[in-house]
Amino acid sequence: MFEVHFLEQHCKGCGMCVAFCPRKIIEMAEHTNDQGYNPAMVTDVSRCTGCAICAMMCPHVIIEVVEGGAA
Amino acid sequence: MFEVHFLEQHCKGCGMCVAFCPRKIIEMAEHTNDQGYNPAMVTDVSRCTGCAICAMMCPHVIIEVVEGGAA
Amino acid sequence: MSEPILMKGNEAVAEAAIAAGCRYFFGYPITPQSEVLEHLARRLPEEGGAYIQAESEVSAINMVFGAACAGARVMTASSSPGISLMQEGISYIASAQLPAVLVNIMRGSPGLGGIHPSQADYFQSVKGGGHGDYKLVVLAPSSVQELIDHTVLAFEIAEKYRTPVMVFGDAMMGQMMEPVFLPEAEPAPIDRSWATTGMKNREKPNIIHTLYLPADDLENHCQRLFAKYREIQRQEQLHTAYLTDDADILVVAYGIMSRVARAAVEMAREDGIKAGLFRPITLWPFPDQALFQAASHAQAVITAEISMGQMIEDVRLAIKDKVPVELFNRIGLVPNPDEIYEAIKKKAQEVKVSA
Amino acid sequence: MSEPILMKGNEAVAEAAIAAGCRYFFGYPITPQSEVLEHLARRLPEEGGAYIQAESEVSAINMVFGAACAGARVMTASSSPGISLMQEGISYIASAQLPAVLVNIMRGSPGLGGIHPSQADYFQSVKGGGHGDYKLVVLAPSSVQELIDHTVLAFEIAEKYRTPVMVFGDAMMGQMMEPVFLPEAEPAPIDRSWATTGMKNREKPNIIHTLYLPADDLENHCQRLFAKYREIQRQEQLHTAYLTDDADILVVAYGIMSRVARAAVEMAREDGIKAGLFRPITLWPFPDQALFQAASHAQAVITAEISMGQMIEDVRLAIKDKVPVELFNRIGLVPNPDEIYEAIKKKAQEVKVSA
Amino acid sequence: MPKGYQRPSTLVERPWHFCPGCNHGIVHRLVAEVIDEMGLQKETVGVGSVGCGVFSYEYFNFDGIGPSHGRAPAVATGVKRVLPDRLVFTYQGDGDLAAIGTTEMVHCAVRGELISIIFINNTLYGMTGGQMAPTTMMGQVTTTTPRGRGQAQGHPFRVCEMLATAEGAAYVARTAVYSPAQVVRTKKAIRRAFETQMAGLGFSLVEVLSACPTNWGMNPLEALKFVEEEMTPVFPLGELKVPEGVK
Amino acid sequence: MPKGYQRPSTLVERPWHFCPGCNHGIVHRLVAEVIDEMGLQKETVGVGSVGCGVFSYEYFNFDGIGPSHGRAPAVATGVKRVLPDRLVFTYQGDGDLAAIGTTEMVHCAVRGELISIIFINNTLYGMTGGQMAPTTMMGQVTTTTPRGRGQAQGHPFRVCEMLATAEGAAYVARTAVYSPAQVVRTKKAIRRAFETQMAGLGFSLVEVLSACPTNWGMNPLEALKFVEEEMTPVFPLGELKVPEGVK
Amino acid sequence: MKREFLLAGFGGQGVLSMGLFLAYAGMGEGKKVAYVPSYGAEMRGGTANCLVTISDREISSPLVSDPGVVVVMNHPSLLKFEPVVRSGGILLINSSLAHRDTKRQDIESYSIPTQELANQAGFSRGSNMIMLGALLEATGVVDVTETYNYLVKTFNGRHLDKMPQNMAAIQVGREFMREYRQQSEASIAYA
Amino acid sequence: MKREFLLAGFGGQGVLSMGLFLAYAGMGEGKKVAYVPSYGAEMRGGTANCLVTISDREISSPLVSDPGVVVVMNHPSLLKFEPVVRSGGILLINSSLAHRDTKRQDIESYSIPTQELANQAGFSRGSNMIMLGALLEATGVVDVTETYNYLVKTFNGRHLDKMPQNMAAIQVGREFMREYRQQSEASIAYA
Ligand SMILES: Cc1ncc(C[n+]2csc(CCOP(=O)(O)OP(=O)(O)O)c2C)c(N)n1
Ligand SMILES: Cc1ncc(C[n+]2csc(CCOP(=O)(O)OP(=O)(O)O)c2C)c(N)n1
Ligand code: SF4
Ligand code: SF4
Ligand code: SF4
Ligand code: SF4
Ligand code: SF4
Ligand code: SF4
Ligand SMILES: [Mg+2]
Ligand SMILES: [Mg+2]
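Residue numbers (our numbering), protein chains in the order written: chain A, 295 to 365; chain B, 295 to 365; chain C, -1 to 353; chain D, -1 to 353; chain E, 3 to 249; chain F, 3 to 249; chain G, 6 to 196; chain H, 6 to 196.
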């Protein structure tokens, strides 16, 4: 029921969201963004609980978690 | 048995020695020194116990108390 | 106009600031300036303003920075060593383009020096004691009345150009009393659309800062500052010239020294020596063309300073080495007119223009 | 002589200080100078000395004051805003006649500015950013090797005259690496009979202070200081003149700009324009007679500075307005030689000396 | 617990200059969130500082000032005395606040100045490349303590404990952001600090123990662990002073 | 008890500039006595300050330095690092130490600098004519608090309590000289401070509550009474920190 | 006309008030005035002195090193300022606290036992006003009938209750001076 | 002869070491050298670049705005520094992180997939040395047989254990470049 939006170009690939997501559904992408970092992304958004812990720990304020339509 | 020496010209007439001498034997002189202050002086040195409290309280360090010959 | 009041220089500065609409003062005690503080500590609360005693001059100048950001008409005052401590802050205020009035009641220096009258902070404030490219408008009154008038003027210039303005006094002027009239005109209204007052009536934040990281941002910033400074140079130069038209010997002096020099010039004239006085009122912008003009007839120029010779460089630059420029100076005191008169006489004999 | 080492300007200053016998350093981090600290934090303990990180530049300069009182050979380093904070302390050190070496790796200004190369603290250090009558010897190296040589020289002058000496660098020189040789000569021995080291071998206390309350004490003190300064002016002026003898267009530049200017002069010569370069090495004492001499053939003078024009006043004073003096300047960067070359060419056409 | 998360409107949307994993970012966000929630965006004047937080005025969407290094509390004093009803806070690192700015910070506390200080303690000078700060811990290696901080450099400066001795200091707390729970606590502390100010109760300060992965030479997660395991014993977390009015 | 009294040999015999009854004089004398008794005249470097104690270097018969206002602790640091075996102390007023010199004082304590500070708290700026100091008490009238120190000026700064929180501060005491007994205690505290330093135990500071009859507008005896009755409740006397080594 | 007055004593003797009085009196008569206080090295309780200039023209320098009229209220001031009196000028000595007469031959000098006079007249704290009276009489610098108005201005309206006493003290000083002069003229006549 | 090299990438990619290597190599051949590191606004983890000048004569200015050889190790550096290459100069692009070829026609340009080459060769952290090899081959600025000595100097004796690996990486870069050139010459020939 949730969508997790990343401002991918601003991601610095620090991995905080990855480490703290209780569902372990965030991973670093293989590709790099224009800054040269591997951005974070959600693997299985359907398992997201909307807890927003990822956003809370993201030091670059690039994650938004919104209630979406049907997954 | 004690002599109390005042560096009279440096006395600022503050009266601390007068106030704290346990024997109450210090008084301010009538005359003024070159600075314009009435200097302190001992009235009855024979009653001096050599306690040096006057010297201890003198903010201008002008009192010395020495063991003298016969009063 | 009401009756004159007998007023101490320092108090006059304080009252003038109030008359100019200044309601905030941040300062730190230092002789011979402390009466500015003391007076404002009493008066500003009466006027609905605030006197805040800073814990140091460094803090004071940064409180001034903050109050100016917040849109206040604001002043600080100190004396030589305290002004040195403000140099970083002054550079920031100039760069941030904030209006603020700074008063330096100069005292004996360098180091702790003493509490004597002095004019030895000319280099510091006129050339720039802080880091980087900026200019400080410097006004040099010579009487208690002028301390008042120039303090008011300082606020006007500071507002008009959004730039810090320094008023020079010295231990003598700060302490001495003369009859004065306080200004009665209403202070100019404050426009502060740029100030950081909270975004209440705005969509976009106001930001005040001095960091320009890309090199061309910094270059543009400096060019903008200096375009403004050139405008000030065009608009704000002040001086007085006294008997300069036919002067063989031109004396240049500012502040309290200009009064002594004027008396010396009068003595010389009585003696048949054609002496004249040029008095810069704005030290920066220095009235160089006016001085060049005033020196057109001169055979020799004497600058009279209570320093080891500082303004003399600006005098030389203005005169363009047309005639020799010499220094008359004393340290630690305001000399008697006859000392300067002697210097004039000697010079007149040297250049063979004595009566 | 051993092999040259590739060294960063900041580290070179640090090693040069050690070579000069300096064992105490007090400083506060600031870009682009921090490597001086970092290097000395590692090296001084190895040499039996101490690096103390002060809590601010104000503290640092006063620790320098204390260490100098105690007889140490001592240095501090900072960059523009930090140097502003030291102005009160510098005035005290000068007045107390203490030997000390100060390094300013200048950065973009005014205010916070940035970390760009800059020469905009000329007024501050050469004219006097602190209060009162004093002078600071200012050396302006132009290469990493000269950063070393001038740091050593700074200690020598500081010792010889018991006076603070400033070494100017800029963000570029502090950061760049060039091959250098470290000095191998033994540093001069320290004579400190005047220092406050405790009365161990003396009957009378040594006192170091800067307070002169009777006016004539202050006047005498200033006269003594300035007699010393005049001696320094006579003895210590340094400059280089490059192709100046027949130069129609004379470029004046110091520090890193003098290298760029030299390249521009060479370009001009190749183009048939008789250009020359005068490079002041001591900014105070300014080599004014040498410059006057070097300009004897010039039709025009260009001062090239990374500032809005500061040294230009000393150039004008030295040239005595014989020929027009113009400013070439850039802010925030070290320009390319061809920019100066263009300025030379333009000027040459104006004064009709172009090939 | 509310679900989801949206960027606070008091943050400008632009890329930040902070290094990957730098805790400055989290604290910036929390400040913005609190101001959003208190509805004070239009009433706030933020005073930045010189350090890795130097660009705060470019990130916050309210009026902002970039003062000189260490003097933010004095600048904030100037602002607050002129605009007593605004929220005025400073955002300072440990070099800025606890070294060069010691006098200004202490006297704001002594005067009970109605400002709030958000204090980022990352045990060193981040922006200038990792030199020792007053808060560097014993044995910690920095670029100016190559052999680790030792006796000659003294002991780490515990700012909260010192300032709490001033009568004028009303709210003083030390928090961290090494875990979601600590992030929540930090946000609450920031809110209490601002409330203390707006209620006129006195000076307030929140010290946030923060990771500087870059200068610590760690990856972001190691750095969080370092905060938890190495820093908190030296800088104990907790509210040292809470005024009646905001409890 | 030894009888009699002789001027300490570490005092130069010359008239002092202090006002009648000024307590600066008593403290000057005590410092000299302690140095005499410890036999350190030839090992001492005194660092004065700017304030009514500005001429200390003319009164003490040992090497002396006149630094700039507030920076004595930094100057002393410079001296001590170069001459680690000398006795190095500063003599500072409350304006000098607790206002403009706050940073320098705090960081000497934080670094545990091996210097001693003799701190004369007379609640105001004596030399410049009686302006408010950070130590001015609530309600106290000074030339810059004509209506008495009030909320807007904050609360009196208790230096000892604040510095005692620093690990590097080894000996911290507050004394007074309003009576012979207090004079004796002050002397002992000064001695302990110097002993702390010479034993390498850390930073030491003795705050002496001192009368300024002139600026208080009192005669010398009234002024002593004011110290005892008005000051000691605000600035409680006692040793706040004593290192093991000097007990 | 331009006259300079140097008034010196130690702090608390009221020399600064005397100076202020003179300045206001000058202003009252439409003259240009300047007043320069100056303090010794000892900030407090030390010497205090001030310099007053009253002139018909703009005052170029408010400071003169050789004032025409000098008042010394105590011994150290006598030692310090006796030498600076302009040749032909006037020196007024408070002989209650200054223990000798002038040594200079080229000036007019008067010794006034202000304290004794004050004690006799029953206002022991009126020394300075007695000296002021003597000074007014000796110099004629201002219209003495206006004295009351000047005084009110000098004290800025404060201390109005002490005015009668001050006036009386001034009167004592003036009379003493008048007699003194008559006597010395007499003695000169008989010399 | 005077050659300038601008090397750019983000922090940690080893561009500053590449610069140092070049400088030491120049010194080893008795040339004048200057090395100017420069950091972006982002103090850490941001862009890093350096400029190396190697010359037969005194280097007047250590800074040039139009270097003859430019290496860009990532995409932002390509965007930023592509325009500054001197006309006729050389641009070396790390195509592993820079996502396009040059758009300029007036320069020689080579795309080197350093990461892929490094991975293939089995030392995934050797991108910079591979680029260095390519650069040496492309410019012939120093005697490549001396490479080992220069490297030892560059690292100031440290990391001696990593030398063989570094050397191997350089070799990979050189060879890639040699082939590249042959191909492009070939392609030019056939164009
Ligand atoms: C007067 C002055 N001195 C020094 C500096 C250099 N400087 C910039 S930031 C900084 C310290 C930053 O450390 P901190 O405050 O701890 O912030 P951090 O970067 O760690 O967040 C210093 C010393 C400066 N800008 N101005
Ligand atoms: C930079 C600077 N600012 C201000 C002063 C002026 N000043 C001299 S002494 C003093 C304060 C003295 O007060 P305190 O330290 O309490 O000593 P006290 O005279 O009371 O013993 C001040 C502000 C100065 N000399 N230098
Ligand atoms: S909202 Fe919670 S569950 Fe969903 S991705 Fe973020 S941390 Fe994971
Ligand atoms: S925490 Fe933020 S910046 Fe870090 S990897 Fe996740 S999304 Fe990217
Ligand atoms: S020594 Fe004691 S008894 Fe004697 S005069 Fe002094 S105080 Fe009095
Ligand atoms: S205490 Fe000292 S100065 Fe005071 S009256 Fe007695 S002797 Fe004189
Ligand atoms: S250097 Fe440290 S504090 Fe600064 S942005 Fe990077 S991680 Fe953050
Ligand atoms: S003013 Fe106060 S502190 Fe200063 S000497 Fe006089 S009594 Fe002492
Ligand atoms: Mg930090
Ligand atoms: Mg005091």
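C-beta: ideal position from N, C-alpha, C; glycine also.
task: Kindly say whether His71/F, judged by its beta-carbon, lies nearer than 9 Å to any beta-carbon of chain C.
output: yes
query: What's the gap between the Cα of Ala46/G and the Cα of His19/F?
result: Low local confidence applies: a pLDDT of 44 at Ala46/G is under 50, so the model's placement there is unreliable, with the coordinate-based value given in what follows. The alpha-carbon atoms of Ala46/G and His19/F are separated by roughly 8 Å.
- request: Let me know the secondary structure DSSP gives Asn102/C once reduced to three states.
  value: strand
- request: Check the DSSP bridge columns for Pro42/H and list the partner residues they point to.
  value: Cys55/H
message: List, in chain order, every chain B residue whose beta-carbon is nearer than 8 Å to that of Ile192/F.
response: Residues of chain B passing the Cβ test: none, with the nearest at roughly 14 Å.
- prompt: Do Leu126/F and ligand 10 come close, with the Cβ less than 8 Å from some heavy atom?
  reply: yes
- request: Below 6 Å CB to CB, which residues in the same chain sit around Asp96/F once its five sequence neighbours on both sides are set aside?
  value: Asn123, Ala135 and Thr137
message: Counting only beta-carbon separations shorter than 9 Å, does His19/E have a partner in chain D?
response: no
- request: Quick one: grab the DSSP three-state call for Phe179/D.
  value: coil
- prompt: In angstroms, rounded to a whole number, what distance separates the CA positions of Ile135/H and Asn332/A?
  reply: 22 Å
message: By the three-class DSSP mapping on this structure, what secondary structure does Val34/D have?
response: helix
query: If Ala171/E and Lys243/E are in contact, beta carbons under 8 Å, what's the gap, nearest whole angstrom?
result: 6 Å
- prompt: Hey, does Cys67/D have any beta-carbon neighbour from chain C nearer than 9 Å?
  reply: no
- prompt: Exposed or buried, which one is Lys5/F when buried takes at least 16 other CB atoms within 10 Å?
  reply: exposed
message: Is Gln122/D close to ligand 1? I mean its beta-carbon at under 8 Å from any heavy atom of the ligand.
response: no
task: Report yes if the C-beta of Ala65/C is less than 8 Å from at least one heavy atom of ligand 8; otherwise report no.
output: no
- request: Examine ligand 8 and report whether any of its heavy atoms sits within less than 8 Å of the Cβ of Cys54/F.
  value: yes
query: Taking C-alpha atoms, which residue in Phe121/D, Ser141/D, Asn334/D and Tyr159/D lies nearest to Val356/D?
result: The requested residue 356/D is not part of the displayed model; chain D covers only -1 to 353.
- prompt: Is the shortest distance between the beta-carbon of Gly330/B and the beta-carbons of chain G less than 9 Å?
  reply: yes
query: With a cut-off of 8 Å, do at least 3 Cβ pairs link the segment 325 to 342 of chain C to the segment 102 to 116 of chain C?
result: yes
task: Kindly examine ligand 9 and report whether one of its heavy atoms sits closer than 8 Å to the Cβ of Ala225/E.
output: no
field: Whole-number beta carbon distance between Val124/D and Leu281/D, since they are thought to touch under 8 Å
entry: 5 Å
- prompt: So, does the CB of Tyr127/E fall closer than 9 Å to a CB anywhere in chain D?
  reply: yes
query: Should Tyr210/C be counted as a contact of ligand 1 given a C-beta to heavy atom distance under 8 Å?
result: no
message: Measuring straight from C-alpha to C-alpha, what distance separates Ile338/C and Ala213/C?
response: 50 Å
- prompt: By Cβ distance, which residues of its chain are closer than 8 Å to Tyr155/H, with the 5 residues on each side in sequence left out?
  reply: Phe26, Tyr29, Ala30, Gly33 and Val147
field: Where the beta strand (DSSP E) through Tyr115/G begins and ends
entry: Glu113 to Ile117
- request: Please state if the CB of Arg73/F and the CB of Val371/D are separated by a distance shorter than 9 Å.
  value: The displayed coordinates of chain D run from -1 to 353. Any statement about residue 371/D would go beyond what the structure contains.
query: Hey, would you say the C-beta of Ser305/C is under 8 Å away from at least one heavy atom of ligand 1?
result: no
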